[in-house]
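J.: I have a structure here, written as structure tokens, and I will follow up with some questions on it.
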Amino acid sequence: MLEQHLAVLPIILPLIAAPIALILGRSLLSWGFATLISGLSCFVSWQLLVAALSEGVLSYAVGGWPAPWGIELRVDAANAFVLLAVSAISTLVLIYSKDSIEKEIEKSKHTLFYTAHLLCLAGLTGILITGDAFNLFVFLEISSLATYTLVSLGSDRRCLTAAFRYLVMGTIGATFILIGVGLLYMKTGTLNMLDLASRIHFYESSRTINTGLAFIMVGVSIKLALFPLHMWLPPAYTHAPSAVTAFLASTATKVAVYVMIRFIFTIFGADHVFNEMGMDLILMALAIVAIFKCSYMATVQSNVKTVLAYSSVAQIGYMILGVSLVSVTGLMAGLIHIFNHALMKGALFMAVGAVFYRVGSVDIKAFRGLGKQMPLTMAAFTIAGLSIIGVPLTVGFVSKWYLVTGALEQNNWMIAALVLVGSLLAVVYIGRILEAAYFQKLPEDTDPSTVKEVPWLMLAPMWALVIANIYFGIDTSITTEAASSAAEWLFQNNNVQEVSQ
Amino acid sequence: MNLILDYYNYWIVVFLMMTGFYIVISANNLVKKIVGLNIFQTSVFMLYISMGKVTGGTAPIVVEGVTQYSNPLPHVLILTAIVVGVATTAVGLSLIVRIKRAYGTVEENEFENKDDAI
Amino acid sequence: MFILDIVSSLLLIAGVFFGLSGAIGLFKFPDFFTRVHAASVTDSIAAILIIGGLLLQTSFDLNTAKLFFILLFLMLTSPTASHALAKSARHGGLLTLAETNKDKQEQTH
Amino acid sequence: MAEFIDLVLLAMLALTALRVIFLKDLFAVVMLFGIYSFLSALIFVNLDAVDVAFTEASVGAGISTVLMLVTLALTGRTEKENKRSTVLPLLVVTVTGAALIYGTLDMPPFGDPNNPIHQHVAPRYIEESPKEVGLPNMVTSVLASYRGFDTLGETVVVFSAAIGVIALLGVRRREDLAAEESGFLTHHVLRVVAKMLIPLIILFALYVQFHGDFGPGGGFQAGVIAAAAFILYALVFGLPQAFSVVGAKFLQLMASFGVLLYASVGLYSMFKGGQFLDYSKLAADPVAGQHYGIIIIELGVGITVFAVMLSIFYAFGSQVERSNVK
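From first to last, the protein sequence lines stand for chains V, G, Z and U.
Throughout the first sequence, residue numbering follows the working numbering, covering 1 to 501 in sequence.
Throughout the second sequence, residue numbering follows the working numbering, covering 1001 to 1118 in sequence.
Throughout the third sequence, residue numbering follows the working numbering, covering 2001 to 2109 in sequence.
Throughout the fourth sequence, residue numbering follows the working numbering, covering 3001 to 3326 in sequence.
Next comes the structure, spelled out in structure tokens:
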């Protein structure tokens, strides 16, 4: 019976579980419950990806009302792929968070933490799966509200101002999306994405539609922290609890990138957005500036979480760069990087959280001598760091490989060279931290016996991600197959001619 | 003239939206920022409701003898959006209360000075 | 029906008059308490007269009952609100104009 | 005539909004926002959106303004002078506004019945929903049935807001509050009138809850109005007194229960062989099933909204009490 409802399950599982987790009330109980639910939705997402790869698009009419009158859920290879990444990371982070948040969040708020986490997961999956432009806004707000809450649970008072800034920026972004959707609706009379796509072509050069496109792009860019609208991200990631940062860094912005891809390719049509509006040049320029400016910012920070946060903005630049290449390979590189970046940033932030668990600080000075004291954590950090740089045999290499290939396909040597130079900056900021960890001594005033390995519940998910980093770096067949079929699916949906020079 | 009759409503609504937006990005006091955000959102709601209006129509509740109704769909969307707006406002205001307690001020430039950058 | 219309418009006009005078008073009066007085004219007598006028315009159906309840509600709430406002101001130590003048005189002497 | 009223109201809105920019007294700013909200509710009525107007008046002008006032009580009522440059914000706003004005130029004319949004999708709601769903209020039909998933999401948004506020401000039990009576002890008139009003308000909330199928209203508005009755009680008789009527923990349970009630209708219809939230499967006759479904989910919405609004008020109110004690 459940098979026909497969598409709706990833949303409603966490959605229904959230209030139940609140009722359970006990920290341990709600942790177990939330992890179980998240694991279940991970399993469902896997089933969905398998189904989407074999059968193509799955459509589900909520309430039994056919689209465009009711709300439709649509699962295709692209969003099933991102969905799997999101729910898998969520499960791992939940396992990790049991010990981590005990250190960082006061006991009475643990249940609220798990409830908010489940709400955030429900919102993110809703954004991915829904086929209705307004429904997307609703789920966006669920995930955003839960995110503001999660960020504000941090132990430093600066988390409050970070959360407030995030709230203001996020709400402006959501309101821009609302305006954009309104303008589209006004011109076409429908909210269903598929129906919108088919009716938008009548009005392709309409000023109203183009303004709507612009507003949606700006709104989504705020949500995905595209340079120069990224100002909310570094403080939020720095001051949120470690488990929250690990979750958000590897899911929230990725989902927003997917939303951008979805609006560009399945609603407006790549041809219109790129060839007629020239958005690809704008996106490409912003992406390149993001890569360099934020990688540079990462090299001069002293807080390791801030380093990684700026690195995230730079990595988002790579994803957008992939999209802006307007080719199947470029889009595929973007999609693979969504998945891969989730793996590496998840592992990195978990390792940083582990350091905080033992040392109580995430300043770069706190990393001194940790290579000896916490070998497993630092090994995980090293491998994930190498992956960010893009060393062969890690997933980072795979993403960069396809990105460079995509650029070279169009004989765009400039872009290919810039990608490689960007990696050098990553060497600098990751290298600084590794240098402190392996080549400097533990400060005299710390007792070596207190700084030891973290509990295995924190190590296990961290290493699961690290192993995934290596596994998907060596055996690329699964990710590339899923990503290439997703990219091809997105492109053939509107017969665009690839740009070739 | 026709242009004005057709669009005057939208233009004023755009002006209102931009006033709200200006308050959000220029205000230094956090409470005022939230007020601006609310004005911005309320004006966007007006944009939606304006497009749902049919001249000569009535409220979309079935009444004997009425054939021309205004469009119910924008109303439904905005009902949802209003509630989303108040939810955001509540969370934002409680953040302000906490910020006041932690920093002793709700002026953006003042608490920014109290912490190092980031 | 004609008489009803006349009565109703008389009530409406009276309501508008009181509403306007309340608004002018709110601007022109010198201190807080007199202003509260002006404002309370608007939400008590003006509102009651206008709703009374509207009552006579209905065809005595569900709407009449609804208006009647609004009338009842307003008669309860608006005087209470004005009272609470004035009392809180008094409680907070605000003086009337006469009292402030008296204070000033005593200080100068 | 409608256009004229519209224009006058819009002009008043513009004045109110402009005033907010320059005022430094935040108390006045918040009151102006309340006025802005009420004026926009009037515009909504004028544009035939009665349900929206109802919600805006109760949620925007009511709850939001109250919460802002409580926040002001804690944070101080004057905005400080700041020397921030206004050039960049003005530039951003001008560009955004210009883009929107550019966008309006191809818009379908205001109020024209031939506009695309009146030709596509919506006609089915207007023509078929009284038959398919069986309710005279089309807004309720679309809200609760055609777009029921949105409304579930919206209920969850409200629930998340409660989680956020509780996580930030904490839940206080009755014992934690100041021992002495708070509220308006000396305001005898207020206490007597409040006692008379509160049952009436709750009665009205129930009317709005169950009459939403036929006229403007529904779970959201009813929840907010019922919460307003309790807020009035808490204001006049003091928070400790209100806590002994409904406790904060109980409200959390209620909020969860409302969401679960809504979702369980969806699960039950799945169990009955329909899609998620397909109310037609709830009874042998699809139209009757729709009706049952809508009544139950509106109840779920009402319960959640009531519980959330009240617990948000409790959280803010406890902060004020706490700062008074200090």
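Ideal Cβ positions, reconstructed from N, Cα and C, are used throughout, including at glycine.
Establish whether the CB of G:V1066 and some CB of chain U are separated by less than 8 Å.
T.: So no, G:V1066 is outside the interface.
J.: With C-beta atoms as the reference, is V:S324 less than 8 Å away from V:A287?
T.: A contact, by the Cβ cut-off of 8 Å.
J.: Just checking: is the beta-carbon of Z:A2142 within a distance shorter than 8 Å of some beta-carbon in chain U?
T.: Because chain Z is modelled from 2001 through 2109, residue 2142 of chain Z falls outside the range shown and cannot be assessed.
J.: If you run the structure through DSSP and keep just helix, strand and coil, what is G:K1114?
T.: G:K1114 falls in the helix class under three-state DSSP.
J.: Is V:G346 buried or exposed, if buried means 16 or more other CB atoms sit within 10 Å of its CB?
T.: When all chains shown are included, V:G346 counts as buried.
J.: So for V:F276, helix, strand or coil by DSSP?
T.: Just to set this straight, residue 276 of chain V is Glu in the shown sequence, not Phe. Correct three-state label for V:E276: helix.
J.: Please report the distance separating the alpha-carbon of V:R158 from that of V:G431.
T.: Spanning the two alpha carbons is a distance of roughly 27 Å.
J.: Please return the same chain residues whose Cβ sits closer than 7 Å to the Cβ of Z:A2014, not counting the five positions on each side in sequence.
T.: Contacts found: L2049.
J.: For V:G64 and chain G, any beta-carbon pair shorter than 8 Å?
T.: Closer than 8 Å: no.
J.: Would a check of beta-carbon distances place Z:L2076 closer than 8 Å to chain U?
T.: So yes, Z:L2076 belongs to the interface.
J.: Are the stretch 165-174 of chain V and the stretch 3119-3136 of chain U touching by the rule of at least three beta carbon pairs closer than 8 Å?
T.: Result no; under three Cβ-Cβ pairs closer than 8 Å.
J.: Counting only Cβ pairs nearer than 7 Å, list the residues of chain U close to Z:K2087.
T.: What Z:K2087 touches in chain U: H3187.
J.: Counting only Cβ pairs nearer than 9 Å, list the residues of chain G close to V:M182.
T.: In the sequence as presented, Met is not what sits at residue 182 of chain V; that position holds Gly. Ordered by position in chain G, the residues that pass the 9 Å Cβ test against V:G182 are V1044, L1047, Y1048, M1051, P1074 and L1077.
J.: Does the beta carbon of U:M3196 sit closer than 8 Å to a beta carbon anywhere in chain Z?
T.: Closer than 8 Å: yes.
J.: Would you say V:T253 faces chain G, with C-beta separation under 8 Å as the test?
T.: Chain G contact via Cβ: absent.
J.: What residues from the stretch 1097-1116 of chain G come within 9 Å of chain U, judged by C-beta to C-beta, listed N to C?
T.: Residues passing the 9 Å Cβ filter: V1097, R1098, I1099, K1100, R1101, T1105, V1106, E1107, E1108, N1109 and E1110.
J.: Would you kindly report the start and end of the unbroken alpha helix (DSSP H) that includes U:E3127?
T.: Its alpha helix (DSSP H) spans residues A3122 to E3132.
J.: In terms of residues, what are the limits of the beta strand (DSSP E) holding V:I71?
T.: First-last of the beta strand (DSSP E) with V:I71: I71 to V75.
J.: Would you kindly work out how many angstroms separate the C-alpha atoms of Z:S2021 and Z:A2039, rounded to a whole number?
T.: Spanning the two alpha carbons is a distance of roughly 9 Å.
J.: Taking the alpha carbon of U:A3017 as the reference point, which residue from U:L3007, U:L3032, U:L3009 and U:D3025 has its own alpha carbon closest?
T.: Per the Cα distances, U:L3032.
J.: What residues are listed by DSSP as bridge partners for V:D363?
T.: Beta-bridge pairing links V:D363 to V:N303.
J.: Kindly say whether V:R26, judged by its beta-carbon, lies nearer than 8 Å to any beta-carbon of chain U.
T.: For V:R26, the answer is no, since every Cβ of chain U falls outside 8 Å of its Cβ.
J.: Any Cβ of chain V within less than 8 Å of the Cβ of U:H3120?
T.: It does; some Cβ of chain V falls within 8 Å.
J.: By the three-class DSSP mapping on this structure, what secondary structure does V:G330 have?
T.: In this structure, V:G330 counts as helix in the three-state DSSP scheme.
J.: Which value, in whole angstroms, describes the spacing of the CA atoms of V:A240 and U:G3164?
T.: Approximately 14 Å between the Cα atoms of the pair.
J.: Kindly indicate which residue of U:D3006, U:A3061 and U:R3077 has the alpha-carbon position closest to the one of G:N1038.
T.: Per the Cα distances, U:A3061.
J.: Is Z:D2005 helix, strand or coil by DSSP?
T.: Residue state, collapsed to three classes: helix.
J.: Let me know the secondary structure DSSP gives V:D475 once reduced to three states.
T.: Coil, per DSSP.
J.: Residues bridged to V:V62 by DSSP?
T.: V:V62 pairs with V:I71.
J.: In angstroms with no decimal places, state the Cα-to-Cα distance between V:V362 and V:S399.
T.: Taking the straight line joining both Cα atoms gives about 28 Å.
J.: For U:Q3209, does the count of other Cβ atoms within 10 angstroms reach 16, so buried, or fall short, so exposed?
T.: With 16 or more Cβ atoms within 10 Å of its Cβ, U:Q3209 is classed as buried.
J.: Check the Cβ-Cβ distances between Z:T2080 and every residue of chain U, and say whether any is below 8 Å.
T.: So, interface residue.
J.: Give me the chain Z residues within the contact set of U:L3190, using Cβ-Cβ distance strictly less than 7 Å, ordered along the chain.
T.: Within 7 Å Cβ-Cβ: T2080 and A2084.
J.: Considering just the uninterrupted stretch of the alpha helix (DSSP H) at U:H3188, what are its terminal residues?
T.: Start and end: H3188 to H3211.
J.: I'd like the list of long-range same chain contacts for V:Q440, defined as Cβ closer than 7 Å, with 5 residues on each side in sequence excluded.
T.: For V:Q440, where only same-chain residues beyond five positions count, the Cβ hits under 7 Å are R368 and G369.
J.: Check whether chain Z comes within 8 Å of U:V3050, counting only Cβ atoms and requiring the distance to be less than that.
T.: Cβ-Cβ to chain Z under 8 Å: no for U:V3050.
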